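Numbering (my numbering), first residue to last: 1075 to 1427.
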């Protein structure tokens, strides 16, 4: 069995185990519900168009504004419709707008004569969207890499703790074990994100947010390769951290550098997303580029060549961390006499696999 076949075998095993894990399945369902609620509920909770009672003569402009118009025979009937709660507002002679306890802004706007408007920056991103998009990109990468990374570390430590790793390395190369775990984690994470994206797109369609979807499409397209390479980089670190210890409860003690590598870029992108110079730097740093570069593409701040250069830097970094993580993994996997130091794992690599 060569390394490729062994890697595929390990990855298939990891995926099968995870797909039977109720925690993973319920977690995925939870994220899908959040995605659906976040895109479908806001338009629904905002309510439908205001209903207004008017005579036939005044109905035209209100219908053109998309309001729910109820035609009544006279002003007296229009006022009574409001008092009875049949409509939100009424328009009577004057014209005068009648309502019970709150001015109906949609009706007032429909009857007002707006001056011509000339936009000086028509392509500017809505401030609310400008705040939410960096948070969503950073949160998706943060929570996914954190969740699946911890699971990779726990899987490695569990195999050491139960001594099953000694059986595994007798059947498959050590590097195939590492590669299989990383591949399985990346595929599961990408599959989970794809499901969430599908639900979010459907939700935006239902909520009539097609314009936002058009703006996000290029950034999402670039986010996928950035996410995969960034995940591989962090997964190699998580696997190495899991191999350094023999007990699940010791993982937190050795994973601090990995935790910082995930958390610091998350907060940097969140708090510095409106700083063009800082975002330019973050979009080339391997740990932050998976979220910073797609965000700059969304806001239009990145030149056409920049994502290719950033992706190349991330690819080189992911390869280097994968090689380094594999060396530490090999040097500590079969050491079951307590916690292994990084120096020991690096310098005294086991001659196995």
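By construction, the Cβ of each residue, glycine as well, lies at the ideal position given by its N, Cα and C atoms.
Fair warning: this is a prediction, and the values are worked out from it, not measured in the lab.
Annotated as proximal: residue 1261 and residue 1089, with beta-carbon spacing under 8 angstroms. The beta carbons of residue 1304 and residue 1388 sit closer together than 8 angstroms. The region 1332-1341 makes no contact with the region 1395-1404: fewer than 3 CB pairs, one atom from each, lie closer than 8 angstroms. By the Cβ neighbour-count rule, residue 1415 is exposed, with fewer than 16 other Cβ atoms within 10 Å of its own.
Per the DSSP secondary-structure output, residue 1170 pairs in a beta bridge with 1166.
For residue 1211, the secondary structure class from DSSP, reduced to helix, strand or coil, is helix. Residue range 1380-1406 is occupied by the alpha helix (DSSP H) that includes residue 1405. Spatial neighbours of residue 1307 in its own chain (CB-CB distance under 8 angstroms, excluding positions within 5 residues in sequence) are listed in chain order as 1360, 1361, 1388, 1391, 1392, 1395, 1396. Boundaries cannot be given for residue 1160, as no alpha helix (DSSP H) includes it and DSSP labels it neither H nor E. Around the CB of residue 1147, fewer than 16 other CB atoms lie within 10 Å, so the residue is classed as exposed. Looking from the CA of residue 1080, the closest CA among 1252, 1411, 1172, 1094 belongs to 1252. The C-beta distance from residue 1371 to residue 1293 rounds to 5 angstroms, short enough to fall under 8 angstroms. A buried status is given to residue 1296, since no fewer than 16 other beta-carbon atoms sit within 10 Å of its beta-carbon.
Under the DSSP assignment, residue 1370 falls in the alpha helix (DSSP H) whose first and last residues are 1363-1373. Residue state for residue 1097 is assigned as helix, using DSSP reduced to three classes.
Per DSSP, reduced to three states, the secondary structure at residue 1330 is helical. Taking 8 angstroms as the cut-off, the Cβ atoms of residue 1155 and residue 1167 do not count as close.
Look at the beta carbons and you see the region 1229-1242 touching the region 1311-1318: at least three pairs across the two are nearer than 8 angstroms.
Short of 8 angstroms from the beta carbon of residue 1353, and not among the five residues preceding or following it, lie these beta carbons of its own chain, in chain order: 1343, 1346, 1347, 1366, 1369, 1370, 1375.
Around the C-beta of residue 1214, 16 or more other C-beta atoms lie within 10 Å, and the residue is accordingly described as buried.
Per DSSP, reduced to three states, the secondary structure at residue 1318 is coil, with no helix or strand assignment. The residues 1320, in chain order, have a CB closer than 8 angstroms to that of residue 1412 in the same chain once the five nearest residues on each side in sequence are set aside. The same chain holds no residue with a CB closer than 7 angstroms to that of residue 1087 once the five nearest residues on each side in sequence are set aside.
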